[in-house]
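These protein sequence lines map, in sequence, to chains A and B.
Residue numbers for the first sequence follow UniProt numbering, beginning at 1 and rising by one.
Residue numbers for the second sequence follow UniProt numbering, beginning at 1 and rising by one.
By construction, the Cβ of each residue, glycine as well, lies at the ideal position given by its N, Cα and C atoms.
Values in this document were obtained by computation on a predicted structure and should not be read as measured data.
In what follows, a single structure is set out as structure tokens and then discussed.
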Amino acid sequence: MRGRREAGVPAPLLVPALLAVAFLVLPLLGLLVRAPWSELWPQLSSPAVGQALRLSLVSATAATLVSVVLGVPLAWVLARSRIRGRSVLRALVTVPLVLPPVVGGVALFLVLGRQGLVGAWLDEAFGLTIPFTTTAVVIAETFVAMPFLVISVEGALRAADARFEDAAATLGADRWTTFRRVTLPLVAPGVAAGAVLCWARALGEFGATITFAGNFPGTTQTMPLAVYLALQRDPQAAVVLSLVLLAVSLATLLLLRDRWLSRAGAAA
Amino acid sequence: MSLAASVAVARGPMTVGLDVAVADGEVLAVLGPNGAGKSTLLRVLAGLLRPDDGRVVVGTDVWVDVAAGVHLPAHERRLGMVFQDHLLFPHLSVTDNVAFGLRTRGVRRGPARAAAREWLARVGVADLADRRPGQLSGGQAQRAALARALVGDPALLLLDEPLSALDARTRLTVRAELRRHLADYGGSTVLVTHDPVDAMALADRVVVVEEGRVVQAGTPADVSRHPRTDYVARLVGLALLPGTGEGGTVRLEGGGRVAVAEQTAGPVFVAVRPESVALYPSRPDGSPRNVWPARLVAATPHGSTVRCELAGEVPLIADVTATAFAELGLAPGTPVWASVKASEVAVYDR
Numbered sequence: 001m002r003g004r005r006e007a008g009v010p011a012p013l014l015v016p017a018l019l020a021v022a023f024l025v026l027p028l029l030g031l032l033v034r035a036p037w038s039e040l041w042p043q044l045s046s047p048a049v050g051q052a053l054r055l056s057l058v059s060a061t062a063a064t065l066v067s068v069v070l071g072v073p074l075a076w077v078l079a080r081s082r083i084r085g086r087s088v089l090r091a092l093v094t095v096p097l098v099l100p101p102v103v104g105g106v107a108l109f110l111v112l113g114r115q116g117l118v119g120a121w122l123d124e125a126f127g128l129t130i131p132f133t134t135t136a137v138v139i140a141e142t143f144v145a146m147p148f149l150v151i152s153v154e155g156a157l158r159a160a161d162a163r164f165e166d167a168a169a170t171l172g173a174d175r176w177t178t179f180r181r182v183t184l185p186l187v188a189p190g191v192a193a194g195a196v197l198c199w200a201r202a203l204g205e206f207g208a209t210i211t212f213a214g215n216f217p218g219t220t221q222t223m224p225l226a227v228y229l230a231l232q233r234d235p236q237a238a239v240v241l242s243l244v245l246l247a248v249s250l251a252t253l254l255l256l257r258d259r260w261l262s263r264a265g266a267a268a
Numbered sequence: 001m002s003l004a005a006s007v008a009v010a011r012g013p014m015t016v017g018l019d020v021a022v023a024d025g026e027v028l029a030v031l032g033p034n035g036a037g038k039s040t041l042l043r044v045l046a047g048l049l050r051p052d053d054g055r056v057v058v059g060t061d062v063w064v065d066v067a068a069g070v071h072l073p074a075h076e077r078r079l080g081m082v083f084q085d086h087l088l089f090p091h092l093s094v095t096d097n098v099a100f101g102l103r104t105r106g107v108r109r110g111p112a113r114a115a116a117r118e119w120l121a122r123v124g125v126a127d128l129a130d131r132r133p134g135q136l137s138g139g140q141a142q143r144a145a146l147a148r149a150l151v152g153d154p155a156l157l158l159l160d161e162p163l164s165a166l167d168a169r170t171r172l173t174v175r176a177e178l179r180r181h182l183a184d185y186g187g188s189t190v191l192v193t194h195d196p197v198d199a200m201a202l203a204d205r206v207v208v209v210e211e212g213r214v215v216q217a218g219t220p221a222d223v224s225r226h227p228r229t230d231y232v233a234r235l236v237g238l239a240l241l242p243g244t245g246e247g248g249t250v251r252l253e254g255g256g257r258v259a260v261a262e263q264t265a266g267p268v269f270v271a272v273r274p275e276s277v278a279l280y281p282s283r284p285d286g287s288p289r290n291v292w293p294a295r296l297v298a299a300t301p302h303g304s305t306v307r308c309e310l311a312g313e314v315p316l317i318a319d320v321t322a323t324a325f326a327e328l329g330l331a332p333g334t335p336v337w338a339s340v341k342a343s344e345v346a347v348y349d350r
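Listed below in structure tokens is the structure:
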């Protein structure tokens, strides 16, 4: 017979742990209990909700694509190159993780706004105005969510055995070929996990979006903004919208667990 | 193609400074303990590490010339490398792993895969061509790794401890196969190992490296018979005793005298094989010239015999049968008498 480890949890740990669980789970339960189930369908099928949901999904997906295209190379530079000031660079990259999103929105406005450093030039040279457009939503979401992807992919790159890249070099592969044919496939689970995290963060983005992109139904009003607005006018609608976001988040989490997190864990 | 390399790399307090030359079709074994600089040499030859000084020339091509500012990147060198833990790419099939080097050098997919399959057949793993490396045993993976290194007909083949990750039985068969493939291979081979058996079985020549320097070079037979450092002597299981020749005897540096069969003079090494040392519970009768009191320090089973380490005026290693070991009642600390015939003692200049 195999011995089992003593399973008792001391009370000073058990009580706070249970409180923590209650604290995290009760609000979500409350959402389910107070949901106006009978009004669910009429609410959901209203054009305003459909519009906000579609905009949220499209902009979060676009922000994730931009983050992958720019963030994976950045993660490679952080993990593999030997450039000077790499630790400073990493610190800068992670600033948006800890920065209040509203501050991020203000910063974006100062740079890309019509009077902004880059915005004024864009306006003059191309007649492009970014604030209060769907593009602004994608930019705000990318600003807030990309660090999640970069951190995740950098971790995967550090965990991956760099000697595979040595082996590729002895087989005639230059660094770009090695990246495409060896490194990227090796860290694919990490990239996928990072992309899902990034997408979920972008989907829930509120502060930077409302500051930089405003709140215009159809162009910049994403689900979180719609929820906030609805809460002031029609609390029932806010609950329904929240349920939708909750369902999307849970689906994402399940996808992560089954598809990528377990595989990424096995590979590491 | 022939290899001529002279390499200097500063590694912390130690400087690795190694000169090696390997002819066409020749296999050079670089033998040495961990941290001696063997892998550093291999990484410089492969182009994975820039040396602080030196030259690497393969055939007529200059791969490295630090003074002239030449450093050919790894992927532009015509070489094949086999790593200790095979490093087959886990996301590619065995065939695609072997075809990888051909593909990067511009061979089309079809011909590359055909050549890969042919090589997999040559190393005896043709039936595993469609598997992933994770589904292969250690021996199978190392065979596929050899195919991957040789498929592009490299000018230089580098083997980095190719057998040390394998279990003892697999190592035996893979070693024999490797020997056959090396005989067929026309380029130069550098084999890095810390296992003297690999060096003896596979190499035409051996250089022994300790602390970044070549301490001995020669044929495998010469190095194993006449070790020049304690490290090599211990590897090949000899007791190595430095001393001064005085005619028919050698006065050892550690004290004591050994009678030898030849006339010697000046600084010499005395090497004694463990199987030529006989042990007695008391001073043996008759008048053997080499008999010394000693004390057993350690005993380890070694095949069908027990290898006994002896301390005393003349430190020796003795192999005795398990029966003899029991009859002598040997235990650590037991005093014994050790004797060796003068004709069994090898003596050579230091």
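{"Query": "Does L157(A) get closer than 8 Å to chain B when you measure Cβ to Cβ?", "Result": "no"}
{"Query": "Got a sec: which bits of the segment 140-173 of chain A sit with their beta carbon under 9 Å from any beta carbon on chain B, in order along the chain?", "Result": "D161, R163, F164, D166, A167, A168, A169, T170, L171, G172 and A173"}
{"Query": "Cutting at 7 Å between CB atoms, please list the residues of its own chain near A266(A), excluding the five before and the five after it.", "Result": "The predicted position of A266(A) is uncertain, since its pLDDT is 43 and thus under 50; no value can be drawn from it."}
{"Query": "Can you tell which of L253(A), E165(A), P185(A) and L74(A) has the C-alpha that lies nearest to the C-alpha of P147(A)?", "Result": "L74(A)"}
{"Query": "Mind pulling the chain B residues with CB within less than 7 Å of T177(A)?", "Result": "T104"}
{"Query": "Is the CB-CB distance between P100(A) and F212(A) below 8 Å?", "Result": "no"}
{"Query": "Classify L28(A): buried if its beta carbon has 16 or more other beta carbons within 10 angstroms, exposed otherwise.", "Result": "exposed"}
{"Query": "Taking the beta strand (DSSP E) that W63(B) falls in, what are its first and last residues?", "Result": "D61 to D65"}
{"Query": "Determine the DSSP secondary structure at D319(B), reduced to helix, strand or coil.", "Result": "strand"}
{"Query": "Along chain B, in chain order, which residues have C-beta atoms closer than 9 Å to that of L245(A)?", "Result": "Chain B residues near L245(A): none, gap ~35 Å exceeds 9 Å."}
{"Query": "Helix or strand or just coil, what does DSSP make of D23(A)?", "Result": "The identity of residue 23(A) in the sequence shown is Phe, whereas the question assumes Asp. Three-state result, F23(A): helix."}
{"Query": "Mind pulling the beta strand (DSSP E) runs of 3 or more residues that sit fully within the segment 24-79 of chain B?", "Result": "27-31, 53-58 and 61-65"}
{"Query": "Residues in the same chain with beta-carbon distance under 7 Å from E210(B), minus the five sequence neighbours each way, listed in chain order, please.", "Result": "G32, P33, A36, T229 and Y231"}
{"Query": "If you pair each beta-carbon of the segment 152-168 of chain A with each one of the segment 106-122 of chain A, do three or more pairs fall below 8 Å?", "Result": "no"}
{"Query": "Could you spell out where the alpha helix (DSSP H) holding A162(A) opens and where it closes?", "Result": "No alpha helix (DSSP H) holds A162(A); DSSP gives it neither H nor E."}
{"Query": "Which of helix, strand or coil does DSSP assign to V7(B)?", "Result": "strand"}
{"Query": "Please list, in chain order, the residues of the segment 94-119 of chain A that have any C-beta partner in chain B closer than 8 Å.", "Result": "none"}
{"Query": "Could you list the residues in the segment 98-131 of chain B with a C-beta less than 7 Å from some C-beta on chain A, going in chain order?", "Result": "F100, G101, T104 and R105"}
{"Query": "Does C46(B) get closer than 8 Å to chain A when you measure Cβ to Cβ?", "Result": "It should be noted that the sequence gives Ala, not Cys, for residue 46(B). True, the Cβ-Cβ gap to chain A drops below 8 Å."}
{"Query": "Tell me, please, whether the CB atom of A324(B) is closer than 8 Å to any CB atom in chain A?", "Result": "no"}
{"Query": "Starting from P185(A), find everything on chain B with Cβ-Cβ shorter than 9 Å and list it in chain order.", "Result": "F89, P90, H91 and L92"}
{"Query": "Exposed or buried, which one is S87(A) when buried takes at least 16 other CB atoms within 10 Å?", "Result": "exposed"}
{"Query": "Whose CA, out of R289(B), L41(B) and V9(B), lies closest to the CA of L158(B)?", "Result": "L41(B)"}
{"Query": "Based on Cα-Cα distance, which residue from H181(B), A326(B), V151(B) and L316(B) lies nearest to L79(B)?", "Result": "V151(B)"}
{"Query": "What does H75(B) touch in chain A if you count any residue whose Cβ is under 9 Å from its own?", "Result": "A168, A169, T170, L171, G172, A173, D174, R175, T177 and T178"}
{"Query": "For E205(A), which residues in the same chain have their Cβ closer than 6 Å to its Cβ, ignoring the five residues on either side in sequence?", "Result": "E141 and V144"}
{"Query": "Please determine, among V340(B), V57(B) and R122(B), the residue with the shortest C-alpha to C-alpha distance to L72(B).", "Result": "V57(B)"}
{"Query": "Going by beta carbon distance, what residues of the same chain come within less than 7 Å of E124(A), once the five residues before and after it are set aside?", "Result": "none"}
{"Query": "In the DSSP assignment, find the beta strand (DSSP E) that holds D160(B) and state where it starts and stops.", "Result": "L156 to D160"}
{"Query": "Does the Cβ-Cβ distance between L28(B) and T189(B) come in under 8 Å?", "Result": "yes"}
{"Query": "Taking DSSP as the reference, what is the three-state secondary structure of F100(B)?", "Result": "helix"}
{"Query": "Across the segment 238-256 of chain B and the segment 267-275 of chain B, are there enough close Cβ pairs to call them in contact, namely three or more that are closer than 8 Å?", "Result": "yes"}
{"Query": "By alpha-carbon positions, which one of V182(A), I210(A), A160(A) and S249(A) ends up nearest to L203(A)?", "Result": "S249(A)"}
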